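Read through the structure below, which is laid out as structure tokens, and then see the notes.
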Amino acid sequence: MRGLTASKTVGLLAILGVLIGLFVFVLMPTFYLISFTLTQWNEVYIDVFANPLIGDTNWQQILGYLGFSLRLAVAAVIIDFLFGIPLAYFLAYRRFPGKSFLEDIIMLSLVIPTSGFGVATLLTWTGLSGIGGLIGRSVVEVTYVVPLMNVPFLYLLVHVALTFPYVVRTLQGKLEDLSPAFGQASRTLGASAFTTFRKIIFPLAIPALFSGGVLAFARSLGETGATMVLGGVMPTAPIAIVRWVSEFKLATASFLGFLLIITATIAILLVDLLLQKRSVFRMPRWKFVSKVGKCVLKVEKKLSGRPKWFKDVASLGTLFIIVILPIIVVLFSVGVYWSADPDTGRVQGGVIYQLFGPSNYFNTLMRATLTSVYVAVISTYIAACIAVPSVYMIKRYRAGGLLRYILRVPLIVPSSALGLSVLLLWGPSGLNLTTPGIWLIILTHIVFSVPVVMEPTIAAYEGAGIPSYEGVARTLGATPYDAVETVSLPMLKRGILAGVILSFTRSLGETGATFVVMGSDVTVPPLVVNMVEALAFPAALFASAYLIALSLVLLILFRFLVRK
Amino acid sequence: MPEVTLKNLSKSFAKGRIVAVDKVDLHVKDKEYFSLIGPSGCGKTTTLRMIAGLVEPDEGEIYIGERLVTDLPPEDRDIGYVFQQYALFPNMDVWDNVTYGPTVKAWEEKKRERIGREMLQMVRLYDRLDAVPQELSGGMMQRVALSRALAAGAELLLLDEPLGALDAKIRNELRYEIRKLVKDLKLTAVHVTHDQAEAMAISDRIAVMRKGHILQVGSPYDLYMNPEEIFIANFIGESNFLEGKVSHIKDDTAQVSLRGDLEVESSNIKIAKKGERAVLAVRPEAFELAEKTQKLGNALHGVIERIRFEGTDIRYEIRLVNDDSIVVVRPSLGGEWFEENDKVTVGFDPEKSHLFEYPEKGLRAELELE
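So the sequence lines, in the order shown, correspond to chains P and F.
So the first sequence is numbered by my numbering: it starts at 191 and just counts up by one.
So the second sequence is numbered by my numbering: it starts at 2 and just counts up by one.
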């Protein structure tokens, strides 16, 4: 009996260890930021609402930034829906060669280094290097603002490109799970393809639209890196946090971070509440609908008869323009700018001069690469150590669902607010364990890496049917530990590896949070932003291309592992 | 006039590697209850789905009535389709499900209401019209699905394993209800099932499919009494197969010499050549069973190896003197009673046996279900 108790004790200790790791590394920073704002309310109040010098100017600014960010996020989500719905429909119901490549591209949008992507978009749409080269002038100015929505065009473009995968992937998953019989039944009852979509498929997919939309919303709300590159126009809330931190206005910054976290959390909670109450949405019966119904049905019938490729081409075209084209342009432009600025012919405007000339950006870039890799390796390693046992706890214990739920928090916290929270907790004004620099970056990256490693591992766990195999191993005489080591871990290996690569890629590309906590240990993505701000555009171009190429290679590795 | 005609219909999947339906010709008559049966993977469901327009054929033509519908989308074919898994729209209540067809066809409000009410009353679910599908039992859901298919005004009803997901008891009740509805409303029905007993019980005619081909079309009686192929003799009901050689033919009757030189006679000859290998098919219920000493026509001797009491019937597994094994089924209340290891005589009427050519691929391969 003593042996049993001993092993139980070890088990309990292990669980406790993982829980502590989860709490300390992953959850505490966010909670601390929230509690900081509440406990230091007096200081915050004075800074924000009653500054002796500037009165409530800070509050006015916060309102402005927050309003703008919200507007941008809502606009991005609306556009995500407009082109994500047909794209998801296309991916869910069509078999065609190159489909997995298309899915990779959508995946790429999730892990692409945002500041590099910002440079790519900037290059594609302004100046003469991108599309502008074809028509002989800049397509849009950076300052062009989309009418009605009142958000800068390029902001919107970047935010859509970085958020639409959330909509497409959740919706595609839902559509693939949906029994094809519903659509077929509707068709046999006399409804055209369009009517079927409107009356059957769409209502059934609404929950997925909500959950994908809210993730996209949160991501847009927190997007920092790409927006900063385009940032001359209007600062968003996350950018304001970065600026305030660099000006040591921590109280004001933390209050804005607090508001961002609260906004994202409320959005998610609302959606969850909505979805919990009803997983199936019934459309209300409107009287006027039945009156215009006849016309609507006729139009839908006509549209259904049209060649189906129209909407496919439209959504694929959008995908190409906002995601693929910038990547091609940035990779291509490195060659164009290689030796000299193509427009002026000045050698000083060339990539070579900037990298190896007096400013010696090559050296800086290599140093930043080293820092980036160092951060990515350590934070991914620690995250994996926390995430893999957490997967066991999530799947084994009844409270696991709650744990999984809580672990979504780091995914929705806007990245610069996340950086700020880590800075506040571990940095000089909090526990004072470390100052801004590489360790603080690592602590920040662990926070979002844990859920990133966890999701593919959970998927592998569920897909492989681990519990039954472990059960078999136990009946054949394996101890619980043996069963995990000899049966489960080998089966989970691919899932864990996939998660590790994703988290590594994400860490390499992270911009917003890193900016806040990096001090003088610059990683590559913030370096890109710095280069843009220092007007060293060719250097930024090279660094972006380099980052994007790196993440492409990692993504290919990821797909290779997942598919096998 | 909803008759269905299929001409040279073919469909393959996975770039031609899997041939699901291979040059099928079929005619379903107006107001007929027609069943397509066969083992899983035989192409029966694919055929039905092609009639509905849910699967596009690779070649061939489909006529519903006089109309060529091969290239029409499902919504323009005027059919009713009933799915195995009901496929009731979970985002609508019973009433909206049943009136879905009239709604999307933009029928007048009054007509819509009337038809919805009639159809629901017909399946005795009018009092549940505001229930959501998830609250109903399987049998109720299928009745709603049935009335939904009928409410759209189709005269051709296509049923894809409609009873497959239901419990045995409900399955038996509902199959007669479906047939009655089809007959009362003077519809044509094409019913796909792998359950031959179900098809036998409700169909006017049945087509037996195997590996993408139609083997035989006929009434349930025809298929049972005159199977044209060994496979059908086994698939419709069951049969004992005894291998042997044709030793003599005279008029309609052949003398067959089984293994161990046991001589029997058979009247339904599907081959006619003397001296060839043959397979004799006799249904378990065609045998008579008696004590060893008794005389029977076409008598064979053996020992009862095992007895299974199945309620209505008793199954005897008997090893014949030539070491062939057969199954004999007798009614439990037939008056006779045997024990295991009893030595017995079995006999059968030559009229109730069938003689087939020995299949090229071998008997076992011929009977395979896959």
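Each residue gets a CB set at the ideal place from its N, CA and C atoms; glycine is no exception.
Model, not experiment: these values are computed from the prediction.
Just to confirm my understanding: we take residue i, look at its own chain, exclude 5 residues before and 5 after, and list those with CB closer than 7 Å. What are they?
i              : result
F407 (chain P) : A263, V267, A457
D294 (chain P) : L745, R749
P74 (chain F)  : G54
I302 (chain P) : G699, I738, S741
D59 (chain F)  : S11, K12, S13
I116 (chain F) : P103, A152
Under DSSP, the beta strand (DSSP E) around residue i begins and ends at which residues?
i              : result
A208 (chain F) : 206-211
P332 (chain F) : 326-332
F288 (chain F) : 288-292
T346 (chain F) : 344-349
E1 (chain F)   : No answer is possible for residue 1 (chain F): it lies beyond the span of chain F, which begins at 2 and ends at 371.
G245 (chain F) : 241-251
L160 (chain F) : 157-161
Q256 (chain F) : 254-259
T189 (chain F) : 189-194
A282 (chain F) : 278-283
Pick helix, strand or coil for residue i, following the three-state DSSP scheme.
i              : result
V56 (chain F)  : coil
K683 (chain P) : helix
A530 (chain P) : coil
L7 (chain F)   : strand
S41 (chain F)  : coil
V70 (chain F)  : coil
R309 (chain F) : strand
G303 (chain F) : strand
S710 (chain P) : coil
R598 (chain P) : coil
Q135 (chain F) : helix
Q217 (chain F) : strand
P342 (chain P) : strand
N241 (chain P) : strand
T701 (chain P) : coil
A457 (chain P) : helix
In terms of residue numbering, what span does the alpha helix (DSSP H) encompassing residue i cover?
i              : result
G117 (chain F) : 110-123
Q251 (chain P) : 247-283
Q374 (chain P) : 370-378
V581 (chain P) : 551-586
D185 (chain F) : 169-185
D97 (chain F)  : 95-99
K24 (chain F)  : First-last for K24 (chain F): 19-29, but that is the beta strand (DSSP E), not the alpha helix (DSSP H).
R409 (chain P) : 392-412
H635 (chain P) : 628-654
S290 (chain P) : 289-301
Residue i: beta carbon under 7 Å from a heavy atom of the ligand ZN?
i              : result
L277 (chain P) : Although the ligand ZN was asked about, the structure shown includes no ligands whatsoever.
If I'm right that residue i touches residue j with Cβ under 8 Å, what's the distance once you round it to whole angstroms?
i              : j              : result
S305 (chain P) : P715 (chain P) : 4 Å
G102 (chain F) : R68 (chain F)  : Actually they do not touch by this definition, with Cβ atoms about 19 Å apart.
Y279 (chain P) : L365 (chain P) : 7 Å
F35 (chain F)  : D223 (chain F) : Incorrect: roughly 14 Å between the Cβ atoms, too far for contact.
V524 (chain P) : L731 (chain P) : 6 Å
V29 (chain F)  : V191 (chain F) : 6 Å
Y356 (chain P) : R409 (chain P) : 6 Å
F288 (chain F) : V329 (chain F) : 4 Å
P728 (chain P) : G535 (chain P) : So it is not a contact: roughly 13 Å between Cβ atoms.
Going along the chain, which residues of its own chain have a beta-carbon closer than 6 Å to the beta-carbon of residue i, five neighbours each way excluded?
i              : result
A196 (chain P) : none
L277 (chain P) : V358, S505
M556 (chain P) : none
G590 (chain P) : M583, I584
A255 (chain F) : V247, S267, I270, L356
To which residues of the same chain is residue i closer than 8 Å at the C-beta, ignoring the five residues directly before and after it?
i              : result
R192 (chain P) : Low confidence applies to R192 (chain P): its pLDDT is 49, below 50, so where it sits in the model is not reliable, and the reading given next is rough at best. For R192 (chain P), where only same-chain residues beyond five positions count, there are no Cβ hits under 8 Å.
A132 (chain F) : D94, V95
Which residues, in order along the region 385-400 of chain P, keep a beta-carbon less than 9 Å from a beta-carbon of chain F? Cβ contacts with chain F come from T385, T386, K389, I390, P393, L394, I396.
Got a sec: which bits of the region 54-75 of chain F sit with their beta carbon under 9 Å from any beta carbon on chain P, in order along the chain? Within the region 54-75 of chain F, the residues whose Cβ lies closer than 9 Å to some Cβ of chain P are G54, L55, P74, P75, listed in chain order.
Interface residues of the region 83-106 of chain F facing chain P [CB-CB below 7 Å]: Of all residues in the region 83-106 of chain F, F84, Q86, A88, F90, P91, N92, M93, Y101, G102, V105, K106 have a Cβ within less than 7 Å of some Cβ in chain P.
What residues from the region 346-373 of chain P come within 8 Å of chain F, judged by C-beta to C-beta, listed N to C? Listed in sequence order: S369, A371, F372.
What residues from the region 151-178 of chain F come within 7 Å of chain P, judged by C-beta to C-beta, listed N to C? Listed by position along the chain: A153.
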